[in-house]
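Colleague: Let me begin by handing over the structure; questions about it come next.
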Ligand code: ES4
Ligand code: ZN
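Shown next, in the form of structure tokens:
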């Protein structure tokens, strides 16, 4: 359709994408076979049928289990290459890939295996599609502060190829304050900072991400809308929110896309962006997310352009590269 072509033709950055969340069931089966790994599904249809989630934790349990088929650098390369092919078709010109090293190192896959596979796919994406990209090392917040420090230490030889650290996994009960010291250490090493906050967790967790982690962006941030003073602050500080409409629907953060606050965020002056989060699990890549939000909320072309523009402003690209995209 017309809307479809408009969205795909709009140059955009993807800022909130878990690369492990781009593992399509077909690739999961192929890697299970290639690596001789047993998976608890009989077919691709069986896998897709399991993707009905009542909340974030339901999803995470299935997402961590799926990642077990990823064993070699070639697996991580193939995973990211498939993502970049889809992203290129959707008009993505810059992508910031989150990865969860602890999901892999805790099952004996070396950090080097993960990062070398991802970096080779990123170099290919630049050569084949002209897509620039960056890596965000995300700490699992259900694990300890000590484990996060150990992960940061393991990453040390690659820090010149890692743009930022993030914070993901089970939000409730694992407030940002738990990671204040490790985020300070990451900042001291020159890394940018982002954290999931206000997806399921309360506005207090968004305040903690700002005040205790000193983040450059907030991943999700939906529940910030419950606190007017917090919204004013996010607007005043020009804080980017990496919003994920289909994720919000599938994880029951919103009951229906018709209730999604994306246009309210823009109307309030928040620097909202649209992203896919875990596209293989939530039913769509970035253009699907733009299209679903646009259709459900009647977004104007000007609003879609604003969202794409926000994605460059909120990116971890250097200032001259951001300017070149605006
Ligand atoms: C995630 Cl949607 C979401 N929230 C928190 N942690 C995650 N890891 C992967 N996707
Ligand atoms: Zn996420």
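Numbering (the UniProt record's numbering), first residue to last: 2 to 327. Even for Gly, the Cβ is constructed at its ideal location relative to N, Cα and C.
Apart from the five residues on each side of it in sequence, which residues of its chain come closer than 7 Å, Cβ to Cβ, to residue 163?
Modeller: 136, 138, 156 and 192, listed in sequence order.
Colleague: Quick check on this structure: which residue in 121, 172 and 110 has the alpha carbon closest to the alpha carbon of residue 80?
Modeller: Ranking 121, 172 and 110 by Cα distance to residue 80 puts 121 first.
Colleague: Alpha carbons only, please: which of 92, 78 and 173 is nearest the one belonging to residue 14?
Modeller: Comparing Cα positions, the closest option is 92.
Colleague: Could you name the residues whose beta carbon sits closer than 6 Å to any heavy atom belonging to the ligand ZN, keeping them in chain order?
Modeller: Working through the chain, the matches are 17, 19, 169, 197, 220 and 278.
Colleague: My assumption, with CB atoms under 8 Å, is that residue 177 sits in contact with residue 198. Please give the rounded CB distance.
Modeller: Residue 177 to residue 198, Cβ: 6 Å. Contact.
Colleague: Does DSSP put residue 163 in a helix, in a strand, or in coil?
Modeller: Coil at residue 163, not helix or strand.
Colleague: Helix, strand or coil, according to DSSP, for residue 99 in the structure here?
Modeller: DSSP places residue 99 in strand when its eight states are reduced to three.
Colleague: To the nearest angstrom, how far is the alpha carbon of residue 208 from that of residue 231?
Modeller: So the alpha carbons of these two residues sit roughly 7 Å apart.
Colleague: Let's test the definition: count the other Cβ atoms within 10 Å of the Cβ of residue 251 and tell me whether it reaches 16, buried, or not, exposed.
Modeller: Per the 10 Å Cβ criterion, buried.
Colleague: Could you check whether residue 296 and residue 258 sit closer than 9 Å to each other, using their CB atoms as the reference points?
Modeller: Their beta carbons are under 9 Å apart, which means residue 258 touches residue 296 by this criterion.
Colleague: Using DSSP with H/G/I as helix, E/B as strand and the rest coil, what is residue 200?
Modeller: It is coil, neither helix nor strand.
Colleague: Taking 8 Å as the cut-off, is the C-beta of residue 57 nearer than that to any heavy atom in the ligand ES4?
Modeller: Yes - the ligand ES4 has a heavy atom lying nearer than 8 Å to the Cβ of residue 57.
Colleague: So residue 317 and residue 97 are supposed to be a Cβ contact under 8 Å. How far apart are they, rounded?
Modeller: With a Cβ gap of about 6 Å, residue 317 and residue 97 count as contacting.
Colleague: Going by the C-beta, is residue 22 closer than 8 Å to any heavy atom of the ligand ES4?
Modeller: True, at least one ligand heavy atom lies under 8 Å from that Cβ.
Colleague: With DSSP run on the structure shown, which of helix, strand or coil describes residue 220?
Modeller: Note: residue 220 maps to strand in three-state DSSP.
Colleague: What does the Cβ neighbour count give for residue 170, buried or exposed, with the cut at 16 atoms within 10 Å?
Modeller: Label assigned to residue 170: buried.
Colleague: At a cut-off of 8 Å, is residue 248 close to the ligand ES4 when judged by its beta-carbon and the heavy atoms of the ligand?
Modeller: Flag set: Cβ of residue 248 near the ligand ES4.
Colleague: Measuring from the CB of residue 245, is there a heavy atom of the ligand ES4 at a distance below 8 Å?
Modeller: Yes, the beta carbon of residue 245 sits closer than 8 Å to at least one heavy atom of the ligand ES4.
Colleague: Would the region 238–245 count as touching the region 270–290 if we require 3 or more Cβ pairs under 8 Å?
Modeller: Touching, yes, given that three or more Cβ pairs across the two stretches are closer than 8 Å.
Colleague: Do you know offhand how far residue 265's Cα is from residue 73's?
Modeller: Their Cα atoms are separated by approximately 43 Å.
Colleague: On the DSSP letters alone, give me the boundaries of the beta strand (DSSP E) that residue 15 sits inside.
Modeller: Element bounds for residue 15: 13–19.
Colleague: Assuming residue 140 is part of the beta strand (DSSP E), what are its boundary residues?
Modeller: Segment 133–141, the beta strand (DSSP E) holding residue 140.
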